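Colleague: In order, the protein sequence lines correspond to chains Y and E. In terms of the numbering used here, the first sequence opens at residue 6 and continues consecutively. In terms of the numbering used here, the second sequence opens at residue 6 and continues consecutively. Note that the Cβ used here is the ideal one computed from N, Cα and C, for glycine as well. Only a predicted model underlies this, so the values are computations on that prediction, with no experimental measurement involved. Encoded as C-alpha cells, here's the structure I'll be asking about.
There are 2 protein chains.
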Amino acid sequence: MTPDQWSALEAVHLDIAPIPAQLREQASELHVAAGMIVANLGSRPKFMYFIRAGEIRLRRLSINGAEVVLQRGTYGFVAEASLATAAYHCDIVAVEDSVLLAFPIKPFAELLPTDTSFANYWMTTLAREVRSLRAQCERLALRTARERIQHYIESEGRDGRLELRQTRKAWAAELGLTHEALYRTLSSMTAEGAVRLETSANRVVLLVKPL
Amino acid sequence: MTPDQWSALEAVHLDIAPIPAQLREQASELHVAAGMIVANLGSRPKFMYFIRAGEIRLRRLSINGAEVVLQRGTYGFVAEASLATAAYHCDIVAVEDSVLLAFPIKPFAELLPTDTSFANYWMTTLAREVRSLRAQCERLALRTARERIQHYIESEGRDGRLELRQTRKAWAAELGLTHEALYRTLSSMTAEGAVRLETSANRVVLLVKPL
DNA sequence: CGTACTTTTGAATCGCATCAAATCTGGTGG
DNA sequence: CCACCAGATTTGATGCGATTCAAAAGTACG
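Here it is in C-alpha cells:
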C-alpha cells in the first residue's frame, strides 16, 4: 500500500498506524463481492483481516442447516483469535461488497512477541474491544427500547451528549431493535423531554436532559 | 489435527496458572461483602482483579441517577482495559459476597512487555474473551427465546451436544430471558423433538436432534 | 428531477415479562 | 433417618412492548 492510502486511514477512530510498517507493506487490499466466502471453516488462517468497508460475518451452519452468526463486523479486525488457532471454526463471509486489508498472519504472529510496542498496541486494541463488547452485551440484555437508548447514551456518550456517527436506522440495528421501534421511542422520549435531538451538518446529536 | 480436536483444546477453562509466579505471589485474596465498592470511578487502578466467586459489576450512575451496568462478571478478569488507563471510568461493585484475586497492577503492566509467554497468555485470553462476547452479542440480538437457545447450543456446544455448567435459571439470565420463558420454551422444544434433556450427576445435558 | 434510502406513522399480532402460586430438589441440622 | 428450608423448577393468567406488515413523506445525491 502507498503512504497516501495509509495516512487517510489514520484519521479514523480505530488506528492501524501503530502496526509495524513491515507488516503494513505486506498487507494487501482485498475487494470482496457480496456473498463471497473469504475463508472456510476448518482451513488454516492465512491472513488477519481488517474490515475497511462493507460487512463481514463469521458464521457457522448448524446441524439442521440454520445459519448461526458468531460475529458481524463493519469496521476493524475480525477473528482476532485466529492468531492462535490452527483452523477457523467458522466461515468468514462478506454479506456486502467489502474492502478488507489482509495481513499475512505468519509475520503478524511472529512479530507480536518481538515488537513490544506492537504487542502493546494489540493488547490495548483487544482490551478496548472487550470493554465495548461487554457494554454492548449489558445493553442488549435490557428489555425495553428506552432502557437500551439510555444505556447507549450513558456508556457511549459524554456528559449526557452523544453524537451519532451513523443513521438512526443503523443505530436501531446496533441496539437490537427494529428501526420503527427506535423512531417511536425516540419521539416519545423527546415529547416527554427526556432527550433532545439536534441535527447539524448531517449529524444527529442526542442530548439527555437531567430530571 | 482436525478442527474438532483443536477447538476441544481451546475450550480449556480460564486458567491463571500461566501468570508468572512472581505476580501470583504478590496477588492477595480479597473477600468482599455484597454491596461493597471495590474501586471508585475516577481513581487510579491499583489492582487487576480476577473474580473467583461471587458477582462483580462495573457500573456508572447516569445523570438522572439511574444505574448503568457496563459489565457483570462471575468468573475471570474484570476491567482488563484498566491496565492502560490512568483512571477508572466506572465503579467496581460486588453485588454478592465475592472472592477476588488482586494483582498489583504496576508489576503486572511492567512484566507484560518483558515476558513473552505472559504477553502471549494475555493476548490469547483477551482474544478468546472477544470471541465469546461477540457470539453473546449476536445471540442477544436474536428476537425469540428459541433462536437464542439454538444459537447457544450451536456456538457453545459441540456436535449438537451441550453440557450446562449452571442451573437453567442462571442460563436464562445469560440468555437475556426470564427463567419462565426459558423453561417454557425448553419444554415446547422438547415436546416437538427439537432437543432432548438429560440430567446426569446433577448436570443438565442438552441434545439437539437434527431435523 | 428521479431514484434509493431514511424517516415517520398506523394497525394488528405475537412473544415475552410479569405476577402468582404450586411442586420439586438438594442440602441442612436435629 | 427425617423434617425442614432455600432455591430451582413448573404451570397459569394477563398485559405490555416490540415486531411485523404497510404505506406515506422526507432527504441525499447523481
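At the 8 Å Cβ level, is I68(E) part of the contact set with chain Y, yes or no?
Modeller: Reading the second sequence from its first residue, position 63 is the one you call residue 68(E). Answer yes: the Cβ-Cβ gap between I68(E) and chain Y drops below 8 Å somewhere.
Colleague: Please list the partners that R166(E) has in chain Y, where partner means a Cβ-to-Cβ separation under 8 Å.
Modeller: For the purposes of this step, residue 166(E) is taken as residue 161 along the second sequence, with counting starting at 1. Chain Y residues near R166(E): none, gap ~10 Å exceeds 8 Å.
Colleague: For E197(E), count neighbouring Cβ atoms within 10 angstroms of its own Cβ and tell me buried if that reaches 16, exposed if not.
Modeller: By one-based count along the second sequence, residue 197(E) stands at place 192. With fewer than 16 other Cβ atoms within 10 Å, it is exposed.
Colleague: Grab me the residues of H36(E)'s own chain with a C-beta within less than 7 Å of its C-beta, minus the 5 sequence neighbours each way, in chain order.
Modeller: Residue numbering aside, residue 36(E) sits at position 31 when the second sequence is read from its first letter. Result list for H36(E): V104, in chain order.
Colleague: Taking only the alpha-carbon atoms, compute the straight-line gap between A99(Y) and E30(E) and give it to the nearest angstrom.
Modeller: Within the first sequence, the letter at position 94 stands for residue 99(Y). Within the second sequence, the letter at position 25 stands for residue 30(E). Roughly 47 Å between the two C-alpha positions.
Colleague: Measure the alpha-carbon distance for H94(Y) versus E101(E) and round it to whole angstroms.
Modeller: Within the first sequence, residue 94(Y) is the residue found at index 89, counting from 1. Within the second sequence, residue 101(E) is the residue found at index 96, counting from 1. One C-alpha to the other measures close to 36 Å.
Colleague: For S192(Y), does the count of other Cβ atoms within 10 angstroms reach 16, so buried, or fall short, so exposed?
Modeller: As a working mapping, residue 192(Y) is identified with position 187 in the first sequence. It is exposed - the Cβ of S192(Y) has fewer than 16 other Cβ atoms within 10 Å.
Colleague: Which residue or residues does DSSP assign as beta-bridge partners of M53(Y)?
Modeller: Along the first sequence, one-based indexing puts residue 53(Y) at 48. Answer is F108(Y), bridged to M53(Y).
Colleague: Going along the chain, which residues of its own chain have a beta-carbon closer than 6 Å to the beta-carbon of P23(Y), five neighbours each way excluded?
Modeller: In the first sequence, residue 23(Y) corresponds to position 18, counting from 1. Contacts found: Y126.
Colleague: What does W127(E) touch in chain Y if you count any residue whose Cβ is under 7 Å from its own?
Modeller: Here residue 127(E) corresponds to residue number 122 of the second sequence, with the count starting at 1. Ordered by position in chain Y, the residues that pass the 7 Å Cβ test against W127(E) are M128.
Colleague: Report all residues from its chain with a CB closer than 8 Å to the CB of G81(Y); omit the five preceding and five following residues, and keep chain order.
Modeller: Counted from its first residue, the first sequence places residue 81(Y) at position 76. Contacts found: L19, F55, I56, E134.
Colleague: Looking at the strands, I want to know which residues DSSP matches up with L63(Y).
Modeller: As a working mapping, residue 63(Y) is identified with position 58 in the first sequence. Note: L63(Y) sits in a beta bridge opposite Q76(Y), I97(Y).
Colleague: Contact criterion: CB-CB distance below 8 Å. Does V213(E) meet it with respect to chain Y?
Modeller: Taking the first residue of the second sequence as position 1, residue 213(E) is located at position 208. Yes, its Cβ sits closer than 8 Å to a Cβ of chain Y.
Colleague: Just the chain Y side, please: which residues come within less than 7 Å of P109(E) by C-beta, in chain order?
Modeller: Here residue 109(E) refers to the residue found at position 104 of the second sequence. Within chain Y, no residue comes near P109(E); the closest Cβ sits about 18 Å away, beyond 7 Å.
Colleague: Helix, strand or coil: how does DSSP classify S103(E) here?
Modeller: Looking up residue 103(E) in the second sequence gives position 98. In this structure, S103(E) counts as strand in the three-state DSSP scheme.
Colleague: Return the Cβ separation of R173(Y) and Y157(Y) in integer angstroms, given the expectation that the two are a contact with Cβ distance under 8 Å.
Modeller: If you number the first sequence from 1, residue 173(Y) lands on position 168. If you number the first sequence from 1, residue 157(Y) lands on position 152. Not really, about 12 Å apart at Cβ, beyond 8 Å.
Colleague: Below 8 Å between beta carbons: does that hold for I61(E) and I110(E)?
Modeller: Reading the second sequence from its first residue, position 56 is the one you call residue 61(E). Reading the second sequence from its first residue, position 105 is the one you call residue 110(E). Their beta carbons are not under 8 Å apart, which means I61(E) does not touch I110(E) by this criterion.
Colleague: Whose C-alpha, out of T183(E), A178(E), T129(E), E168(E), is nearest the C-alpha of L212(E)?
Modeller: Against the second sequence, residue 212(E) aligns to sequence position 207. Comparing Cα-Cα distances from L212(E) to each of T183(E), A178(E), T129(E), E168(E), the minimum goes to E168(E).
Colleague: Taking a contact to mean a Cβ-Cβ separation below 8 Å, would you say G181(E) touches L145(Y) in this structure?
Modeller: Residue 181(E) sits at position 176 when you count from the first residue of the second sequence. Residue 145(Y) sits at position 140 when you count from the first residue of the first sequence. Yes.
Colleague: Can you tell which of A92(Y), A132(Y), G47(Y), S87(Y) has the C-alpha that lies nearest to the C-alpha of A89(E)?
Modeller: Counted from its first residue, the second sequence places residue 89(E) at position 84. Nearest of A92(Y), A132(Y), G47(Y), S87(Y) to A89(E), Cα basis: A132(Y).
Colleague: Run through chain Y and tell me which residues come within less than 9 Å of T172(E), C-beta to C-beta.
Modeller: In the second sequence, the residue the question calls residue 172(E) occupies position 167. Neighbours of T172(E) on chain Y: none; closest Cβ ~18 Å, over 9 Å.
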